[in-house]
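**Q** Letter by letter, the sequence shown follows residues 210 to 461 of our numbering.
Where a beta carbon is used, it is the ideal one built from N, C-alpha and C, also for glycine.
Note that this is a predicted model, so its numbers are computed, not measured.
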Amino acid sequence: MVTTTSKITVRLVRNMGSDDAVLEAMLASTTDPDAAAKKIDEMTPEAKYGRIKYLCTHRHGTPFEHSAVTVACHLPAFVWWEWVRHRIGMSYNLESGRYKVLEPVFWVPPRDRPCVPVADWKPSRPRFITFDDATWSKEAADEAHRQTVAELTDVYTKAYSTYERLIAEGKGIANEVARAALPFAIYYSGYVTTNPRSLMHFLSLRTHEPESLFVSYPQLEIEVAARACESMLASLWPLTHKAFNACRRVAP
Ligand SMILES: Cc1cc2nc3c(=O)[nH]c(=O)nc-3n(C[C@H](O)[C@H](O)[C@H](O)COP(=O)(O)OP(=O)(O)OC[C@H]3O[C@@H](n4cnc5c(N)ncnc54)[C@H](O)[C@@H]3O)c2cc1C
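Below, the structure is given as structure tokens:
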């Protein structure tokens, strides 16, 4: 029996630093640390925002590296595959497919997920519509979704039973070999730690915002994960997040 789900889970584990930590690092160039702390205490929120926006506008990025956030994630392998391409300022630890037996949890598209390519689909601007928008009737849309999920689930069930059979006691087949049977939709859990600078770079590429200076077209599932991280940035570093948007989502 396999479990299918569409959930993209990104949970805050811990965070360190704040907008004030960005300002402290910025002031290091001219002010000793004690004096900097006092200066920051005396600043109005507007003055703080002005400084942070200056950093973003002029792409002085290093002050944003003195904070950190760690998230625990449960994601399909295809989302991890995209996330781990971000090499700079992102630290990863993932569940091992060599040392443990992976859980039979697989991704399926939710009913409202845009799944059907638009008529003028292009690789550089991949856009999709929902089953409802692609068909004339709700019944046809229901059926298209049902059949997609059924076919995927069928593959997952066969693949996972092959995996289980190969690693079953007595067969002597290593997990790391048997896992080759598993589809890309299997879930892995893992940890990511990053800093606001690298997070902004990640958000600039893994969210779709028409107002961005460089508009990106990421896959929906990594965008859901990125949006969860973005809400952490917005609540833990609100001035940084505001400045990032003011700079049309170009990371400093
Ligand atoms: C919509 C979309 C579609 C994509 N499609 C594909 C695809 O079809 N095939 C594919 O292979 N990838 C694809 N990617 C992944 C993409 O090529 C990047 O690997 C990924 O976005 C990480 O970006 P990055 O290298 O800027 O990030 P990081 O690795 O975090 O790097 C951050 C920055 O550090 C600097 N940097 C890092 N490493 C180097 C280096 N070696 N030399 C010089 N500067 C460096 C660069 O300025 C870089 O922007 C896609 C990404 C997106 C967002």
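Would the beta-carbon of A394 fall within 8 Å of that of Y365?
**A** It is a contact, given that the beta carbons lie within the stated cut-off.
**Q** According to DSSP, simplified to helix, strand and coil, what is M441?
**A** If DSSP states are grouped into helix, strand and coil, M441 belongs with the helices.
**Q** With a threshold of 7 Å, establish whether the CB of I261 neighbours any heavy atom of ligand 1.
**A** It does not: the Cβ of I261 is nowhere closer than 7 Å to a heavy atom of ligand 1.
**Q** Skipping 5 residues on each side, what residues in its chain have a beta carbon closer than 6 Å to that of A234?
**A** Around A234: P272 and H275.
**Q** Can you tell which of T403, V325 and D243 has its C-alpha closest to the C-alpha of L232?
**A** Looking at the Cα atoms, D243 is the closest of the given residues.
**Q** Is R336 a contact residue of ligand 1, with contact defined as CB to any heavy atom under 7 Å?
**A** Incorrect: R336 has no Cβ contact closer than 7 Å to ligand 1.
**Q** Go to A277, then tell me how far its alpha helix (DSSP H) extends in each direction, as first and last residue.
**A** Per DSSP, A277 belongs to no alpha helix (DSSP H); it is in the beta strand (DSSP E), A277 to P285.
**Q** Have a look at V459 and P254 and give me their C-alpha separation to the nearest angstrom.
**A** Each residue's alpha carbon lies about 22 Å from the other.
**Q** Taking G399 as part of the beta strand (DSSP E), name the residues at either end of that continuous run.
**A** From DSSP, the beta strand (DSSP E) with G399 extends over Y396 to T403.
**Q** First and last residue of the alpha helix (DSSP H) that includes R260?
**A** R260 -> alpha helix (DSSP H) spans P254 to T266.
**Q** Out of curiosity, what's the CA-to-CA distance linking E312 and H354?
**A** Their backbone Cα atoms lie some 25 Å apart in a straight line.
**Q** Less than 8 Å between the beta carbons of A437 and V293, yes or no?
**A** Taking 8 Å as the Cβ cut-off, A437 and V293 do not qualify as a contacting pair.
**Q** M409: beta carbon under 7 Å from a heavy atom of ligand 1?
**A** Not under cutoff, so the answer is no.
**Q** If you pair each beta-carbon of the segment 283 to 302 with each one of the segment 326 to 334, do three or more pairs fall below 8 Å?
**A** The answer is no - the segment 326 to 334 does not touch the segment 283 to 302, with fewer than three Cβ pairs under 8 Å.
**Q** Which whole-angstrom value is the C-beta distance of I431 and R415, which I expect to be below 8 Å?
**A** Sure, about 5 Å apart at Cβ, within 8 Å.
**Q** Is the beta carbon of I249 sitting closer than 8 Å to the one on T449?
**A** Cβ distance not < 8 Å, so I249 and T449 don't count as in contact.
**Q** Whose C-beta lies closer than 8 Å to the C-beta of D228 among residues of the same chain, with five residues either side of it excluded?
**A** If we look at D228 and ignore the five residues flanking it on each side, its Cβ neighbours are K257, I261, W446, P447, L448 and T449.
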